[in-house]
Amino acid sequence: MNFSILLRTHLKNKNMKLIDLAKLLGISRQSLNNSLNRWESRDPTIKTIKKISIVLNISPSYFFDEL
2 MNFSILLRTH
12 LKNKNMKLID
22 LAKLLGISRQ
32 SLNNSLNRWE
42 SRDPTIKTIK
52 KISIVLNISP
62 SYFFDEL
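FYI, the numbering for the sequence shown is 2 to 68, going by the numbering used here.
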């Protein structure tokens, strides 16, 4: 499973919208959506995964275990 799908699934399970995550990350929803589209074909950097993990209060291993 790719990172984009994992992240979208996690957000859906937590009843969060992309705009909520974008605000937590300090970026626009459009910028996050563009990144998600890019992550459908390649994984984000470890730095990005760590940042997303911190704002979602989950372990980065959540993403690594599933990738």
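Backbone N, C-alpha and C fix where the C-beta goes; we use that ideal spot for every residue, glycine too.
Next on the checklist: Distance check for residue 22 and residue 57, CA to CA, integer angstroms please.
Outcome noted: For the purposes of this step, residue 57 is taken as residue 56 along the sequence shown, with counting starting at 1. For the purposes of this step, residue 22 is taken as residue 21 along the sequence shown, with counting starting at 1. C-alpha separation (whole angstroms): 8 Å.
Next on the checklist: Considering just the uninterrupted stretch of the alpha helix (DSSP H) at residue 10, what are its terminal residues?
Outcome noted: On the sequence shown, position 9 is the one that residue 10 refers to. For residue 10, the enclosing alpha helix (DSSP H) begins and ends at 4–14.
Item to check | Closest by C-alpha distance to residue 31, when choosing among 40, 20 and 54 | outcome: For the purposes of this step, residue 31 is taken as the residue at position 30 of the sequence shown. Measuring from the Cα of residue 31, the nearest candidate turns out to be 20.
Checklist entry - Under the rule that 16 or more other beta-carbon atoms within 10 Å means buried, what is residue 4, buried or exposed? => result Your numbering for residue 4 matches position 3 in the sequence shown. Buried, because 16 or more other Cβ atoms sit within 10 Å of the Cβ of residue 4.
Item to check | DSSP-derived helix/strand/coil call for residue 53 | outcome: Indexing the sequence shown from 1 puts residue 53 at position 52. Helix, per DSSP.
Next on the checklist: Let me confirm a value: residue 55 is counted as buried when at least 16 other C-beta atoms fall within 10 Å, else exposed. Which label applies?
Outcome noted: Translated into positions along the sequence shown, residue 55 becomes position 54. Counting every other CB atom within 10 Å of its CB across the protein chains shown gives residue 55 a total below 16, marking it as exposed.
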